[in-house]
Every structure is written in structure tokens, then in C-alpha cells.
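Residue numbers (our numbering), protein chains in the order written: chain D, 529 to 811; chain F, 529 to 811.
The beta carbon of each residue, even a glycine, is placed where N, CA and C say it ideally should be.
Please read these numbers as outputs of a predicted model, since none were measured by experiment.
2 protein chains.
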Amino acid sequence: MSQARLMDGTALAGRILDETAKRAADLTERTGQAPCLATVLVGEDPASVTYVRMKRNRCRKAGIESRHVELPAATTTEELVGTLRELSADPTVHGILLQHPMGPHIDERAAFEAIAPEKDVDGVTFASFATMSFGLPGFVSCTPGGIMRLLDEYDVDPAGKRAVVVGRSAILGKPAGMLLLARDATVTYCHSRTADLSAAVREADIVVAAVGRPRLIRGQDIKPGAVVVDAGYNAGNVGDVDFDSAVERASLITPVPGGVGPMTIATLLEQTVDAAVTAARQS
Amino acid sequence: MSQARLMDGTALAGRILDETAKRAADLTERTGQAPCLATVLVGEDPASVTYVRMKRNRCRKAGIESRHVELPAATTTEELVGTLRELSADPTVHGILLQHPMGPHIDERAAFEAIAPEKDVDGVTFASFATMSFGLPGFVSCTPGGIMRLLDEYDVDPAGKRAVVVGRSAILGKPAGMLLLARDATVTYCHSRTADLSAAVREADIVVAAVGRPRLIRGQDIKPGAVVVDAGYNAGNVGDVDFDSAVERASLITPVPGGVGPMTIATLLEQTVDAAVTAARQS
Numbered sequence: 529m530s531q532a533r534l535m536d537g538t539a540l541a542g543r544i545l546d547e548t549a550k551r552a553a554d555l556t557e558r559t560g561q562a563p564c565l566a567t568v569l570v571g572e573d574p575a576s577v578t579y580v581r582m583k584r585n586r587c588r589k590a591g592i593e594s595r596h597v598e599l600p601a602a603t604t605t606e607e608l609v610g611t612l613r614e615l616s617a618d619p620t621v622h623g624i625l626l627q628h629p630m631g632p633h634i635d636e637r638a639a640f641e642a643i644a645p646e647k648d649v650d651g652v653t654f655a656s657f658a659t660m661s662f663g664l665p666g667f668v669s670c671t672p673g674g675i676m677r678l679l680d681e682y683d684v685d686p687a688g689k690r691a692v693v694v695g696r697s698a699i700l701g702k703p704a705g706m707l708l709l710a711r712d713a714t715v716t717y718c719h720s721r722t723a724d725l726s727a728a729v730r731e732a733d734i735v736v737a738a739v740g741r742p743r744l745i746r747g748q749d750i751k752p753g754a755v756v757v758d759a760g761y762n763a764g765n766v767g768d769v770d771f772d773s774a775v776e777r778a779s780l781i782t783p784v785p786g787g788v789g790p791m792t793i794a795t796l797l798e799q800t801v802d803a804a805v806t807a808a809r810q811s
Numbered sequence: 529m530s531q532a533r534l535m536d537g538t539a540l541a542g543r544i545l546d547e548t549a550k551r552a553a554d555l556t557e558r559t560g561q562a563p564c565l566a567t568v569l570v571g572e573d574p575a576s577v578t579y580v581r582m583k584r585n586r587c588r589k590a591g592i593e594s595r596h597v598e599l600p601a602a603t604t605t606e607e608l609v610g611t612l613r614e615l616s617a618d619p620t621v622h623g624i625l626l627q628h629p630m631g632p633h634i635d636e637r638a639a640f641e642a643i644a645p646e647k648d649v650d651g652v653t654f655a656s657f658a659t660m661s662f663g664l665p666g667f668v669s670c671t672p673g674g675i676m677r678l679l680d681e682y683d684v685d686p687a688g689k690r691a692v693v694v695g696r697s698a699i700l701g702k703p704a705g706m707l708l709l710a711r712d713a714t715v716t717y718c719h720s721r722t723a724d725l726s727a728a729v730r731e732a733d734i735v736v737a738a739v740g741r742p743r744l745i746r747g748q749d750i751k752p753g754a755v756v757v758d759a760g761y762n763a764g765n766v767g768d769v770d771f772d773s774a775v776e777r778a779s780l781i782t783p784v785p786g787g788v789g790p791m792t793i794a795t796l797l798e799q800t801v802d803a804a805v806t807a808a809r810q811s
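Here is the structure:
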């Protein structure tokens with residue numbers, strides 16, 4: 529059997545970012561105000577600091593202003609909610625990214641829900657989850673949204689296909705399954721309590737691995753010709769899929785890195801410009 | 529093979545309603561105010577009129593006050609939203625039921641979202657869908673919530689089991705799957721675009737039929753010993769499951785009528801009292 533074709537997230541994300549930069553420049557010229565993403569960071573977790581810096585750098589390259597709010601680790605939920613409500617009410621801010629995880633003393637859900645749905649460009653609120661689930665207009669969670677774009681780019685139509693999502697987190701597995709269901713896939717959610725993961729994965733025409741366990745999905749469980757999307761990211765650039773064995777069975781597969789990863793930021797920035805365009809239209 | 533045991537929704541709902549009536553009486557005695565469900569009906573669709581009357585009768589029997597708001601068929605979305613916001617703000621109203629479907633000129637989603645989450649005892653808002661999906665405290669959609677109660681009553685633990693939900697409506701199939709997933713089932717959503725429904729159903733340890741197509745699920749597709757929950761209701765007291773053939777293969781099965789149906793109103797009333805108890809605690 530021949531090797532799977534790679535789904536090149538770096539290339540697609542690059543094109544989306546180019547297009548996003550053009551739209552940002554157009555909007556800035558037309559309105560005199562650049563799209564603005566507020567980034568909110570609580571504490572100094574090194575990985576979170578790096579992620580936020582990366583996102584802000586990408587914003588700058590795309591002509592998106594970023595306004596960074598750094599809060600001390602000891603910030604209370606109430607203080608954080610207050611900050612997020614202020615940003616939600618500020619007409620010069622178009623999108624809000626609250627970097628997570630936050631400290632264990634923070635009620636993350638209360639914080640997310642303080643983000644106005646029309647600025648939820650990271651797709652973390654109840655409202656965004658519901659609009660994704662019901663196929664309604666709204667912002668998507670960035671990684672699941674990026675996965676759908678990758679599938680579209682490679683002409684994978686989920687309709688009528690069996691899709692197996694491994695993982696059920698609130699911003700990755702669950703919304704990924706809902707987006708696939710909205711596109712008419714027959715969707716199965718697997719997770720740590722699934723009795724026979726291999727059997728479930730073997731049924732899949734589309735596998736989305738989103739669980740954060742290195743090389744959990746082995747090639748022997750991939751149905752020949754299946755599309756394999758690896759949204760896992762583990763230490764040492766290792767995904768949730770055992771790439772070397774899976775590439776021999778799949779028809780299409782995302783590499784790690786360079787597959788799903790770059791799509792996340794591209795979706796974030798694209799949605800920030802979407803939010804700014806909508807705000808400009810309504811003002 | 530012996531016949532399946534019946535899951536008696538009428539009996540369980542009766543016990544829940546008795547318990548609910550006791551709690552309602554206690555609360556009324558303690559606070560001087562009975563729990564109150566506002567029922568909102570737009571237009572005069574005969575089925576909707578009947579459903580609302582049935583729900584109000586049950587309220588009365590359980591010692592729950594019901595306040596009925598009848599709006600003409602020509603009511604606009606804005607007017608309906610206004611009414612729902614008033615009820616949401618009214619401290620003497622504890623739960624709100626907006627009977628649907630409404631007319632095609634009504635934006636149903638805008639109407640649902642005008643219901644305060646803490647009064648959404650029918651479980652129709654984005655917030656309720658999200659809390660169900662994320663396993664957080666909140667109100668459940670009444671039919672899916674009733675299904676989970678039936679499973680608990682008959683000692684069916686979904687954890688690690690394969691559950692297949694046939695149907696993906698916003699207040700039945702989708703939340704039923706999410707509640708099963710929150711209880712650690714491996715959940716598959718099937719629907720009209722599923723390529724091989726029989727094959728998917730044959731994998732199921734738990735089948736939830738919630739699609740509104742008479743006798744769509746045949747006994748030959750039921751895995752021997754599976755638990756079959758029929759949430760379908762079609763003309764002539766016919767469910768989505770072909771009962772006569774399914775009862776020969778299942779270990780547990782809900783009859784139609786008398787299975788899932790009675791659980792829906794029981795859940796609605798129970799949640800109304802829950803809402804009133806919470807409101808009393810907070811006032």
C-alpha cells in the first residue's frame with residue numbers, strides 16, 4: 529500500500545494568514561482602526577507565556593493590534609471576570625483570548641462566560657459551543673475549526689462518513705465532534721473510559737485524535753484509506769497517532785508538527801478580523 | 529431468548545411527581561410562595577394547546593402554580609423576547625416553559641435565549657446545552673434528563689458502554705448523547721445521513737431512538753441483551769423502535785406509550801421545584 533498524502537497545515541495556515549492580513553489592512557484603511565485582539569494572561573506559567581507571545585507575534589505580522597493584559601497569579605476569579613467584562617464592553621477591542629489553563633483557584637468557566645460571545649474569537653464560551661453544536665453562525669473553537677478547514681482543503685467531505693473523535697475536552701474533542709456532526713458525519717466519541725478503543729477506531733473513515741497521549745493510535749487500527757487528523761501534541765513533537773505506522777494505512781494524514789498546530793493560530797486571527805469586520809459594520 | 533424487561537416510565541414518573549409534590553408543599557409552607565412555572569404559548573396549534581394544558585394540569589396536581597401566557601399567532605420575535613425577558617426578571621416566576629415549535633416567522637433561538645438560564649427548567653438554552661455537555665450543574669433538557677433517570681432506575685450504568693443515539697435534534701438527540709458521554713459512555717450519533725444505520729445500531733449496548741420515524745429500528749439490528757430506549761413518538765402510539773421484534777432481543781426496553789413519555793413532564797416539574805428551592809435559598 530502506498531503512503532498517505534500529508535495534510536499540510538503550515539501551507540494552508542500561511543494562506544489563511546496572508547488573506548487575513550489583507551483583510552486586516554483593508555479594514556484599517558477603511559475605518560482608521562486596526563482589528564484588536566486582547567490577550568489575557570494570569571500568572572507566569574512558562575508555556576502560557578510562550579503561547580501568548582507567539583500569538584501576539586502572529587497578530588503583529590498580520591496587522592492585528594494586540595493588547596496584552598498580564599494579571600498576577602494571585603488574581604481572583606472576581607478580578608479576572610471584571611477585567612474580561614471591561615474588555616467585552618470596550619469598543620476598541622474586537623476579540624478576547626484568555627490563555628488557559630489558569631491557576632486552580634480560578635473558576636475557569638466563570639471567566640470564559642465573562643467574554644462577550646461576539647468577541648469570543650477563541651471559541652471557549654457556552655454560546656460558541658452551542659452554535660457549533662447546532663450548526664448556527666458563531667465563532668468556532670480554534671483547533672476544531674482549523675481541523676474542519678484542513679478537511680475542506682483536502683476535499684474530505686464528512687457527510688455520511690464515520691468519524692471517530694478520540695478525546696472529549698471542552699475546547700477540542702467535544703466541539704470537533706459537533707462540527708463533524710453538523711457536516712453530517714456519523715460521529716463517535718471515544719475517551720479514557722472507552723472499552724475497546726481499537727475496535728472503535730477501526731470503524732472510522734475519519735479519525736480525530738485529540739487526547740494528549742503519545743502514539744495512542746497505532747497504524748494497525750487505522751482502516752485502510754482513512755483520513756487521520758492528529759490534534760495531539762505531546763513532548764518531543766509527538767502526536768497522539770503513531771505516525772510511522774499510520775502513514776502506511778491512511779489516505780491522508782496530518783504530520784506533527786505542521787499539521788493541525790498552525791491551523792489553530794490561523795483560525796484565531798481570522799476570527800479576530802471577522803469580529804472586527806462585524807463590529808465595523810454595526811457601528 | 530427471553531423477552532426484555534420493560535422500563536416503566538409511568539411508575540417512575542409517578543414516584544418523581546409524588547416526591548416533587550412533597551417538596552413543593554414543603555417550600556410553599558416554608559416561604560408562603562408556591563413554585564411557579566410560566567407557560568408561554570404562541571398561536572393556537574392544537575397539539576401545542578394540548579401539551580400546555582397537560583403540563584399545567586400536572587403542575588396543579590403537584591402543587592406548582594402555573595402562570596399561562598397566551599400570545600397571538602402573529603406575535604413577533606421581538607414581542608416574544610420581551611415577554612420572556614419580563615418573566616425572566618419576575619421574582620415570582622421560577623421556571624419558564626416556551627412551548628415549541630412556534631410559527632415559522634419566529635426566531636426560536638432568539639426566543640429561547642431570552643429565558644434566564646436559572647429559569648430554563650425545560651433545558652432549551654445554549655447555557656443548559658453546554659452545562660449538560662460539560663457535565664456541569666444546570667438544568668437538563670427534559671426528555672434526555674428523563675432518559676438518564678430511567679437508566680439509573682434500572683441500574684444501567686453507561687460507563688464504558690457503547691451508546692448509539694439515533695437523532696440529533698437540539699433538545700433530544702444531541703443532549704441525550706452529551707448526557708451519556710458525561711456518564712462515560714462511548715457515544716455514537718446517527719441520523720438521516722448515516723450510511724449504514726443497522727451496522728451502527730448493532731454495536732450498541734444502549735440504543736436511544738429519538739428521530740420520529742415509526743419503527744425505524746428493527747429487532748434484527750438490536751444486539752442481544754442491549755438496553756433500548758425509545759424516545760420516538762409517532763402517530764398511533766408508535767415509537768421509533770419496532771417494539772415486537774426488539775423486545776425479543778433487548779434486555780431492557782421502554783414501551784411506547786408509558787416509557788420515556790411520562791418522564792419528560794416529571795423532569796420538567798422536578799426542575800421547576802429545583803429552581804424555586806434555589807431562588808428561595810438565594811432570596
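Where L615/D sits in the DSSP three-state scheme: Mapped onto the first sequence, residue 615/D falls at position 87. Helix at L615/D.
Alpha helix (DSSP H) runs wholly inside the stretch 591 to 645 of chain D, at least 4 long, in chain order: Restricted to the stretch 591 to 645 of chain D, the alpha helix (DSSP H) segments that are unbroken, complete and at least 4 residues in length are 605 to 617 and 636 to 641, listed in chain order.
Cutoff 7 Å: L709/D Cβ touching any chain F Cβ: By one-based count along the first sequence, residue 709/D stands at place 181. With 7 Å as the cut-off, L709/D counts as an interface residue toward chain F.
Integer-rounded CB distance, given that G787/D should sit under 8 Å from D758/D: Along the first sequence, one-based indexing puts residue 758/D at 230. Along the first sequence, one-based indexing puts residue 787/D at 259. With 8 Å as the limit, D758/D and G787/D qualify as a contact, their Cβ atoms being about 6 Å apart.
Short-range partners of chain F found in the stretch 716 to 744 of chain D, where Cβ spacing is below 7 Å: Cβ contacts with chain F come from T716, Y717, C718, R721, T722, A723 and A728.
Partners in chain D for F667/F, counting only beta-carbon separations shorter than 7 Å: Position 139 of the second sequence holds residue 667/F. Correct list: empty, because the minimum Cβ distance to chain D is about 13 Å.
Alpha carbon of Q561/F to alpha carbon of H622/F, nearest angstrom: As a first step, residue 561/F must be located in the second sequence, where it is residue number 33. As a first step, residue 622/F must be located in the second sequence, where it is residue number 94. Their Cα atoms are separated by approximately 11 Å.
Spatial distance of A638/D from E547/D (CA atoms): As a working note, residue 638/D is residue 110 in the first sequence. As a working note, residue 547/D is residue 19 in the first sequence. Distance between the alpha carbons of A638/D and E547/D: 34 Å.
Rounded separation between M526/F and P790/F - CA only: Limits of chain F in this structure are 529 at one end and 811 at the other, which puts residue 526/F out of reach.
Residues bridged to V694/F [DSSP beta-bridge criterion]: For this step, residue 694/F is matched to residue 166 along the second sequence. DSSP lists C718/F and A737/F as partners of V694/F.
The stretch 602 to 609 of chain F touching the stretch 646 to 653 of chain F, judged by at least three CB pairs closer than 8 Å: Contact between the stretch 602 to 609 of chain F and the stretch 646 to 653 of chain F is absent, with fewer than three C-beta pairs closer than 8 Å.
Best match in A566/F, V684/F and V652/F for proximity to S669/F [C-alpha to C-alpha]: Within the second sequence, the letter at position 141 stands for residue 669/F. Considering only alpha carbons, the answer is V652/F.
Residue-chain proximity (T800/D, chain F), Cβ-Cβ < 7 Å: Here residue 800/D corresponds to residue number 272 of the first sequence, with the count starting at 1. Not a single CB atom of chain F sits nearer than 7 Å to the CB of T800/D.
Closest residue to M687/D among D573/D, M706/D, I699/D and P632/D (Cα-Cα distance): In the first sequence, residue 687/D corresponds to position 159, counting from 1. Checking the sequence, you will find Ala at residue 687/D rather than Met. Minimum Cα-Cα distance from A687/D among the listed residues D573/D, M706/D, I699/D and P632/D corresponds to M706/D.
Candidates L626/F, D733/F and L540/F: closest to L577/F by CA position: One-based indexing of the second sequence puts residue 577/F at position 49. Checking the displayed sequence, the identity of residue 577/F turns out to be Val instead of Leu. Closest by alpha carbon: L626/F.
Beta-carbon proximity list for E572/F, same chain, < 7 Å, skipping 5 on both sides: By one-based count along the second sequence, residue 572/F stands at place 44. Excluding sequence positions up to five before and after E572/F, its CB lies within less than 7 Å of the CB of A601, all in the same chain and listed in chain order.
Short CB-CB distance (under 7 Å) between T714/D and chain F: To locate residue 714/D, count along the first sequence from 1; it is residue 186. Contacts with chain F at 7 Å (Cβ-Cβ) include T714/D.
Same chain, Cβ closer than 8 Å to A803/D, five either side skipped, listed in chain order: Numbered from 1 along the first sequence, position 275 holds the residue referred to as residue 803/D. Closer than 8 Å at Cβ, skipping near neighbours: P563, H622, G623, E646, K647, V649 and F667.
Cα-Cα separation between A737/D and A698/D, rounded to whole angstroms: Reading the first sequence from its first residue, position 209 is the one you call residue 737/D. Reading the first sequence from its first residue, position 170 is the one you call residue 698/D. Answer to the nearest angstrom: the Cα atoms are 14 Å apart.
Where L540/D falls, given that 16 or more other Cβ within 10 Å makes a residue buried: In the first sequence, counting from the first residue as 1, residue 540/D sits at position 12. Label assigned to L540/D: buried.
Under 7 Å by beta carbon: chain F residues contacting S661/D: Walking along the first sequence from the start, residue 661/D turns up at place 133. Under the 7 Å cutoff, chain F gives F657 and K702.
As assigned by DSSP and simplified to three states, the class of V805/F: One-based indexing of the second sequence puts residue 805/F at position 277. V805/F falls in the helix class under three-state DSSP.
Proximity of A658/D and F657/F at Cβ, strictly below 7 Å: Taking the first residue of the first sequence as 1, we reach residue 658/D at position 130. Taking the first residue of the second sequence as 1, we reach residue 657/F at position 129. Result yes, Cβ atoms of A658/D and F657/F sit closer than 7 Å.
Residues of the stretch 540 to 573 of chain F whose Cβ lies closer than 9 Å to any Cβ of chain D, in chain order: Nothing from the stretch 540 to 573 of chain F brings a Cβ to less than 9 Å from some Cβ of chain D.
Contact list for R696/D against chain F, beta-carbon separation under 8 Å: On the first sequence, residue 696/D is found 168 positions in, with the first residue counted as 1. L709, listed in chain order.
Minimum C-alpha distance to H719/D - residue among R696/D, I734/D and G740/D: As a position in the first sequence, residue 719/D is number 191, starting the count at 1. For H719/D, the nearest C-alpha among the options comes from R696/D.
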